[in-house]
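Just so you know, the sequences run in chain order C and U. With my numbering, the residue at position 371 of the first sequence is 485, and numbering never jumps. With my numbering, the residue at position 409 of the second sequence is 425, and numbering never jumps. Worksheet: the structure to be examined is printed underneath.
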Amino acid sequence: MQTQGPTMFSYYLNLALRSLRRTPILTALMVLAIALGIGASMTTLTVLHVLSGDPLPGRSSSLYYPQIDPRDDTGYVPGKSQPMDQVSWIDGMNLLQAKRADDQALMTGGSVAIQPAQAGLDPFYQTARYTTAGFFPMFGVPFRYGRAWGAAEDAASARVVVISSKLNDKLYGGGDSTGRMLRLEGQALRIVGVLGDWRPNPHFYDLDVRNYGDSEGVYLPLSTSQDLHLAHLGGSDCWGNGGGGVTPSHTAPCVWLQFWVQLDTPARAAAYRAFLIHYSQEQESLGRFMRPPNVRLRNLMQWLDHKQVVPGDVQLQTWLALGFLLVCLVNTVGLMLAKFMRRAAELGVRRALGASKSALFAQLLVESGVLGLAGGVGGLLLACLGLWLVRRQPADYASLAHLDGSMLATTFLLAVGASLLAGVLPAWSACQIAPGLQLKTL
Amino acid sequence: MTLHPILAALRRHKAGVVLIALQIALTLAIVCNAIFIIGNRVQRIQRPTGMDEKNLFMVTQLWVGAPTGDDKASIDKLDAMQRTDVQTLRGLPDVESAIAINSLPLTNSTWSGGIDLKPAQPHPTAHAANYFGDEQMIHTLGLRLVAGRNFTAGDVHHMGMRGQDVPPLVIVTRALADTLFPGGNAVGKSIYMDHKTPSTIVGVVARLQVPSVDRWASGFTWNSVLIPTRLDGNFSRYAVRARPGRMDAAMKEARAALFAANPMRVIGDDADSNGVRSFADIREHAYRADLGMAILMGVICLILLAVTAAGIVGLTSFWVGQRHKQIGVRRALGARKIDILRYFQTENLLIAGGGAVLGVVLALGLNLLLMRHFAMARLPVAYVLAGVAAVLALGQGAVFVPARRASNVPPVVATRSV
């Protein structure tokens, strides 16, 4: 057994580079095949990674989305019917005021017309979030200027508003705008806070508005939005004699609000689930609910999973790209086999001169590793190109498609690992050559 | 030529043969399914909504400081504002007709519900989307009335956005009529949209797609109900039919005229907002993901075929080089160039044929997986057969260059000691 130190490695590297240079077309073909496979897989895997990410790392495990089922018994299938995805005004208010969680917020989406004071700016629409004060501390929303409003402002339907940093840039050139009055829908609201950089993706707290992309521009107390009759934007689902409509009334049998709670320990979560069942029973006995208690308490990631926020097309593309990578690898195995077998004579000489089978195997694997590294670099360039193309797509998740450190490392690991794997079979069969036979044909 | 020598030679290259066959099989499986997906998406993108889309555009606007819509008086006020807008649009020189409507096909803003045939029915007979507009709805959208009658001005009511009135009269699409009354003759029959109040079907239109193109609405894509009610809220949408060839002019006029009639409103004018949009633009927007998917699948298929062809060229070239001397011997023993060429082409046909058989199995298996996880339809046999023909042709094309080189090996090679 000879020493397999760094000198042998650099010798193998030297041999590999020389061998690859001797057949430039075949080498280019193999590198290109690996690069294409890696490039396509990394592009789609990065998109999948970004889309299925945790919107609030560190917080998501203690945030829960309670669901209850306030519908009448029309269409009820015991054990099968899922509770509703949102809550009605009455239930939302009841759960909010029960204060059984460590923190809670009741919210819904909206759309408001902003009337800038500046002469040069026309009125424009802005997406809005109408919420109770728990939203900001519970989701860990960062503030650049000012602060959030509190429970007192909620109770008083105060005319206060928090705006996003993007809107602050547009209206006030990024300066501290707290204390100024913002005119929306013909009303003047005092700006109490400006958010820092905050755009959780997916847009987990209201998936009916949009799944990915920018967060809202304007945040104001839910009570204020109802006082001012601001327009609701988002899903609403009615049953019974609820009719329908874009903005259901407070008493209508319609769900159109989202209710989020923070529960710091599993024991608290279990207690809250029991509370939801108890609440449903109580409402049933009051005659408001007509179904037996049907509740769910999913945490944030379970909720995203349940709602299947990652688009089916993105998953399909990922599978397609992995299939493509597989074909590229099979192709590389075939070409490497041809290449290694063609060098039977050279390998025979090395065998005859005393190189062990494992030394030959190591030498050939170094060669496939070099191919993999080159393919990885090519694949990285192709993945950057692919992601650039994805960002130019009009999909709402497009702007999120960026390569991060972990995906960069994955690219190289995948490329080198895959090409080493592809090199095993050709290298092994090339090592089986009897040295004498090869020398004779020389 | 007998196959025996080819098979005997192939047995000496098991690994290479298996690899090419496997590559062809995987390529066939992926390409068949990808082309099937492309076909489905293209079909989806091209399906007509049932409207006369060519001269149609939509205006979405929001009144600033509008009445609340909570009481009768303020709803009436909103209704008057809406009717003024519609009159303004109808009066424009380049506009043929205009209506206020809650949504249009492909815009995704859906108001839908279950439809029953009896009061208090536990499970709805069908699901359908509602379009709220006046008696000019059929004319403006360019729908085709196939049975019964159109709405008259006297049929039209109005209510607030939060209203719960059930319309006494409705018009339904033929698809919905056939689902509800398979025996035909839906006109004059009653349906229940709120479990207790009947609505009489007065007419049937040939086709009208629902607003959503998402998967949740795919079960009732053609089930639409036309309701003769104007919806009054703090925002409104108008569907406008321009005079032929006057689309651009009409879109500009509409914005200017609405602002002239009442400046207290917002009509978005950037790409993100839906201010004034031609229906062609709405259609492109609705199906952009499908188009992107089809293009991506197409590009992947092309690269895949290219990679597979390159693999065949590479491995066959290697075999030709390895058998250089044997080819010379065959030539010296009297084999013609064409015999050598045929040898390699037959060899490739055998390998590709074996790969194609495995590929058909893989293609059908992959299709089953896609049917289970991505709601795909069953792969038609024609796609599989076309795929088989394509990979066989690809193999023959790819093997031609190395096989030609093999056929050009001179017989004299046999006499040289190597």
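Think of the CB as a built atom: it goes at the ideal place given N, C-alpha and C, for glycine as much as any other residue.
Please state if the CB of A149 (chain C) and the CB of G493 (chain C) are separated by a distance shorter than 8 Å.
yes
Whole-angstrom distance between F52 (chain U) and G375 (chain U), CA atom to CA atom:
Using only the alpha carbons, I get a separation of about 15 Å.
At what residues does the beta strand (DSSP E) containing Q218 (chain C) begin and finish?
217-228
Taking Q395 (chain C) as part of the beta strand (DSSP E), name the residues at either end of that continuous run.
Element bounds for Q395 (chain C): not the beta strand (DSSP E) but the alpha helix (DSSP H), 380-399.
Do three or more CB pairs link the stretch 45-59 of chain U to the stretch 239-253 of chain U at distances below 8 Å?
no
Do you know how far the Cα of L321 (chain U) is from the Cα of L410 (chain U)?
8 Å
Cβ of L296 (chain C) within 8 Å of Cβ of V275 (chain C)?
yes
Can you pull the DSSP bridge partners for P461 (chain U)?
No answer is possible for residue 461 (chain U): the residues shown for chain U start at 17 and end at 434.
Helix, strand or coil at V275 (chain C) according to DSSP, with G and I counted as helix:
strand
Using 8 Å as the limit for Cβ to Cβ distance, is G401 (chain C) near chain U?
By this cut-off, G401 (chain C) is not an interface position.
For I154 (chain U), which residues from the same chain have a beta carbon less than 7 Å from its beta carbon, with the 5 sequence-adjacent residues on both sides left out?
L161, N166, V221
With a threshold of 7 Å on Cβ separation, who are the neighbours of T137 (chain C) within its own chain once the five nearest residues in sequence on each side are excluded?
K453
Other residues of its chain near L501 (chain C): CB distance less than 7 Å, five sequence neighbours each side excluded
T157, T160, A515, H516, L517
By a C-beta neighbour count over all protein chains shown, 10 Å radius and 16 as the cutoff for buried, is Q232 (chain C) buried or exposed?
exposed
For the stretch 74-90 of chain U and the stretch 250-263 of chain U, state whether three or more C-beta atom pairs, one from each stretch, are separated by less than 8 Å.
Enough Cβ pairs lie closer than 8 Å, so yes.
When the Cα atoms are used, what is the spatial distance from G109 (chain C) to T245 (chain C)?
Outside the shown range of chain C (115 to 556) lies residue 109 (chain C), about which nothing can therefore be said.
So what's R505 (chain C) in DSSP terms, helix, strand or just coil?
Helix, per DSSP.
Given L439 (chain C), which residues of its chain have a CB within under 6 Å of its CB, disregarding the five upstream and five downstream residues?
Within the same chain, L439 (chain C) has close Cβ partners G151, S155.
What does I46 (chain U) reach in chain C if we use C-beta pairs closer than 8 Å?
L434, G437, F438, V441
Below 8 Å between beta carbons: does that hold for G81 (chain U) and A163 (chain U)?
no
What does a CB cutoff of less than 6 Å around I91 (chain U) pick up in its chain, not counting 5 residues either side in sequence?
G85, G176, D248
Looking only at its chain, what residues have a beta carbon closer than 8 Å to the beta carbon of F275 (chain U), apart from the 5 residues adjacent to it on each side?
R281, I283
Three-state secondary structure assigned by DSSP to F334 (chain U):
helix
If we call anything under 8 Å between Cβ atoms a contact, is S228 (chain U) one with T126 (chain U)?
yes
Just to confirm, is the Cβ distance from K280 (chain C) to G234 (chain C) under 8 Å?
no
Just the chain C side, please: which residues come within less than 9 Å of R304 (chain U) by C-beta, in chain order?
Near R304 (chain U) (Cβ distances below 9 Å), the residues of chain C are Q507, P508, A509.
Mind reading off the beta-carbon distance from H343 (chain C) to W203 (chain C)? Whole number of angstroms is fine, and I expect it under 8 Å.
Their Cβ separation, rounded to whole angstroms, is 14 Å, which puts H343 (chain C) and W203 (chain C) out of contact at 8 Å.
What span of residues does the beta strand (DSSP E) with W374 (chain C) cover, start to end?
372-376
Say whether chain U places a C-beta atom closer than 8 Å to the C-beta of A383 (chain C).
no
Take every Cβ of the stretch 320-334 of chain U, pair it with every Cβ of the stretch 441-450 of chain C, and state whether three or more of those distances are shorter than 8 Å.
yes
Can you have a look at D268 (chain C) and say buried or exposed, based on whether 16 or more other CB atoms are within 10 angstroms of its CB?
buried
With a threshold of 8 Å between beta-carbons, can H139 (chain U) be considered close to chain C, or not?
yes
Strictly below 9 Å CB to CB, what residues from chain C border G32 (chain U)?
Here the neighbours are G448, L451, A452, M455.
Since R412 (chain C) contacts D183 (chain C) with CB under 8 Å, what's their CB separation in whole angstroms?
Not confirmed; about 14 Å, so no contact.
For a test of the three-state rule: what should DSSP assign to F238 (chain C), helix, strand or coil?
strand
If we ignore side chains and look at the alpha-carbon of each, how far apart do P367 (chain C) and D187 (chain C) end up?
13 Å
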